[in-house]
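Residue numbers (our numbering): 31 to 398.
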C-alpha cells in the first residue's frame, strides 16, 4: 500500500502491492538484499541529517524572507517525513515490525502519501517561481513573495489531506499465517487501485508536465535573451566588460532553482516507469508477469527515488552560494571561535615568554 516503498506484481492482470521487506523469496536480484539492508538506512540517516540542516539554514533571519526559502524549507520537512516512514518500513526487514501495529500502520501510510505529494509540488512551485524570475522579472516583487509561498504550501497541505486521508479508514492490520500485516481491508481493495491511478496523476503526470512546460519556456526565454545580448555587443569593449561583470544575486537564485528542478527530474521520474507500465497493463487487461529485468530496474529506480529525498543538501551547497555562506557561518562559527581561543592562548603564552626574556628596563621602555 505504501506508494513508493512497495514492489509491484502484475501477475493475473492485477497490481498487488506489498511492503518492500516482503519481496518474494525467489527475487532474482541478490543485490536487492544489500540495498534493503544497508543502502536504505544510510540514505535515511544522511537525508534526515541533511534536510534538518537545510531547514535550519533556510529559516535563518537572512533567508526566511525569501519565498524560495519557504518552499525549499517546506520540501526539506516533507522529505524528512517521507524518509521517516521509509525507515519505519525498513525496520520490518530487521524484524522490528512496528509498522504492522494498529495506528502506526495508518499513520505511516498517510504520512508517506502526504509527504511525497508535498515534496513533488514544492518542486513545481519552485519551477514556477524560477520561470517568473527569468521570463517576467518585473513581476517578481508581486508574485514571488513569502505570503504567496505560504499560501501555496497551505493549499498543498489541504489538498493532500483531502486526497490522501483514505489510509485512516481503509487500512488495517490483518493476520496471515500467524503474523500481522499492515494491509488494505478487503472491502476497500478497489480503493487501492483507484488511489494508485490518482497518485500517479498528481505526483507524476501533472507535475512532470508542468515542470517540463515551464522549463521549456525558461529555455526559450534564455535563448532569446542571449540573442538580444549578442546583437547589442557590437564592440569588443562591451563584450569584455560584460564578461567581467559579476554574477548578480538574481542569477544565483535562478541557478539554484534550476538545479533543484533538474535533479528532481533525473531522480524522481525513473521510479514511475515500472509502476506506470503495470498500471497500463492493468487497464488494458494484459496478463503479463513481472519480469526479472523489471524487478532489477525497479530496485535501481527506487534507490534513485529515495536519493531524491536525501541528497538535496548537496545540491544546495554546490549551487546555492548564499545558502553555502550562511550554513558555513552558522555551523562553522563554533569551530572558528575555538580556533580563535586557541590562537589567543598561544599568543598570550608567547608574549609571556618574551617578557621573561626582555630586561625590565627595556620592557618599560617598550611600553612608553
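Quick reminder that beta carbons are idealized off the backbone N, C-alpha and C, glycines included.
Q.
Classify residue 171: buried if its beta carbon has 16 or more other beta carbons within 10 angstroms, exposed otherwise.
A. Start at 1 with the first residue of the chain shown, and residue 171 comes out as number 141. It counts as exposed.
Q: Could you spell out the range, first to last residue, of the alpha helix (DSSP H) harbouring residue 138?
A: The sequence position of residue 138 within the chain shown is 108, counting from 1. 134–165 is the extent of the alpha helix (DSSP H) around residue 138.
Q: Using three-state DSSP, classify residue 203 as helix, strand or coil.
A: The sequence position of residue 203 within the chain shown is 173, counting from 1. Of the three classes helix, strand and coil, the one that applies to residue 203 here is strand, per DSSP.
Q. What residue from 152, 357, 80 has the CA that sits closest to residue 178's CA?
A. Position 148 of the chain shown holds residue 178. Of 152, 357, 80, the residue nearest in Cα terms is 152.
Q) Which two residues bound the contiguous beta strand (DSSP E) that contains residue 175? A) Residue mapping note: residue 175 aligns to position 145 of the chain shown, counting from 1. Premise fails: residue 175 is in no beta strand (DSSP E) and is neither H nor E.
Q.
Across the region 285–296 and the region 348–356, are there enough close Cβ pairs to call them in contact, namely three or more that are closer than 8 angstroms?
A. yes
Q | Beta-ladder partner(s) of residue 210, from DSSP | A | To locate residue 210, count along the chain shown from 1; it is residue 180. BP columns for residue 210 point to 205.
Q: Determine the closest residue to residue 340 out of 146, 160, 225, with distance taken between C-alpha atoms.
A: Taking the first residue of the chain shown as position 1, residue 340 is located at position 310. It is 146.
Q.
Taking its Cβ as the centre, do 16 or more other Cβ atoms sit within 10 Å of residue 324, making it buried, or is it exposed?
A. As a first step, residue 324 must be located in the chain shown, where it is residue number 294. With 16 or more other Cβ atoms within 10 Å, it is buried.
Q: Find the nearest neighbour of residue 233 within the set 163, 307, 149, 248, judged by alpha-carbon distance.
A: Start at 1 with the first residue of the chain shown, and residue 233 comes out as number 203. The residue with the shortest Cα to Cα distance from residue 233 is 149.
(Q) For a test of the three-state rule: what should DSSP assign to residue 197, helix, strand or coil? (A) Along the chain shown, read from residue 1 onward, the residue named residue 197 stands at position 167. Correct three-state label for residue 197: helix.
Q.
For a quick check, are the C-beta atoms of residue 182 and residue 101 less than 9 angstroms apart?
A. One-based indexing of the chain shown puts residue 182 at position 152. One-based indexing of the chain shown puts residue 101 at position 71. Yes.
(Q) Can you tell me whether residue 290 is buried or exposed? The criterion is at least 16 other CB atoms within 10 Å of its CB, across all chains shown. (A) Locating residue 290 in the chain shown gives position 260, counting from the first residue. By the neighbour-count rule (16 or more Cβ atoms within 10 Å), residue 290 is buried.
Q: Would you please state the rounded distance, in angstroms, between the beta carbons of residue 355 and residue 294? I believe it to be under 8 angstroms.
A: The sequence position of residue 355 within the chain shown is 325, counting from 1. The sequence position of residue 294 within the chain shown is 264, counting from 1. Contact doesn't hold; Cβ gap of about 24 angstroms is too wide.
(Q) Whole angstroms are fine: how far does the CA of residue 162 sit from the CA of residue 82? (A) Here residue 82 refers to the residue found at position 52 when the chain shown is read from its first residue. Here residue 162 refers to the residue found at position 132 when the chain shown is read from its first residue. Approximately 28 angstroms between the Cα atoms of the pair.
Q.
Counting beta carbon pairs with one atom in the region 191–202 and one in the region 222–242, are three or more of them shorter than 8 angstroms?
A. yes
Q | Contacting residues, own chain, Cβ-Cβ under 8 angstroms from residue 175 (five flanking each side not counted) | A | Position 145 of the chain shown holds residue 175. Counting only Cβ-Cβ distances below 8 angstroms, and skipping sequence neighbours, we find 97.
Q) Taking the alpha helix (DSSP H) that residue 130 falls in, what are its first and last residues? A) For this step, residue 130 is matched to residue 100 along the chain shown. Taken as a continuous stretch (DSSP letters only), residue 130 belongs to no alpha helix (DSSP H), as it is neither H nor E.
Q | Best match in 87, 184, 300 for proximity to residue 331 [C-alpha to C-alpha] | A | Counted from its first residue, the chain shown places residue 331 at position 301. Comparing Cα-Cα distances from residue 331 to each of 87, 184, 300, the minimum goes to 300.
Q.
I'd like the list of long-range same chain contacts for residue 302, defined as Cβ closer than 6 angstroms, with 5 residues on each side in sequence excluded.
A. The residue given as residue 302 occupies position 272 in the chain shown. Closer than 6 angstroms at Cβ, skipping near neighbours: 234.
Q: My understanding is that residue 414 touches residue 71, with C-beta atoms under 8 angstroms, so please give their C-beta distance in whole angstroms.
A: This structure leaves residue 414 out entirely; the chain is present only between 31 and 398.
**Q.** Residue of 131, 66, 99 minimising C-alpha distance to residue 477
**A.** Only positions 31 to 398 of the chain appear in this structure, which leaves residue 477 out of reach.
**Q.** For residue 121 and residue 247, the rounded distance between their alpha carbons
**A.** Translated into the one-based positions of the chain shown, residue 247 becomes position 217. Translated into the one-based positions of the chain shown, residue 121 becomes position 91. Cα to Cα, the separation comes out at about 44 angstroms.
Q: Compute the Euclidean distance between the alpha carbons of residue 219 and residue 115, then round it to the nearest angstrom.
A: As a working mapping, residue 219 is identified with position 189 in the chain shown. As a working mapping, residue 115 is identified with position 85 in the chain shown. When rounded, the distance between both Cα atoms is 22 angstroms.
**Q.** Cβ-based burial, residue 54 [other Cβ within 10 Å; buried from 16]
**A.** Within the chain shown, the letter at position 24 stands for residue 54. For residue 54, the predicted model reports a pLDDT of 39, less than 50, meaning its position is unreliable; a value from the coordinates is still stated below. So residue 54 ends up on the exposed side.
**Q.** Proximity winner among 124, 118, 85, 91, relative to residue 104 (alpha-carbon distances)
**A.** Taking the first residue of the chain shown as position 1, residue 104 is located at position 74. Closest by alpha carbon: 85.
Q. What do you get for residue 257, buried or exposed, if any count of 16 or more other CB atoms within 10 angstroms of its CB means buried?
A. As a first step, residue 257 must be located in the chain shown, where it is residue number 227. Exposed, since its Cβ has fewer than 16 Cβ neighbours within 10 Å.
(Q) Distance cutoff 9 angstroms, beta carbons only. Does residue 82 sit that close to anything in chain D? (A) Chain labels in this structure do not include chain D; a single protein chain is all it has.
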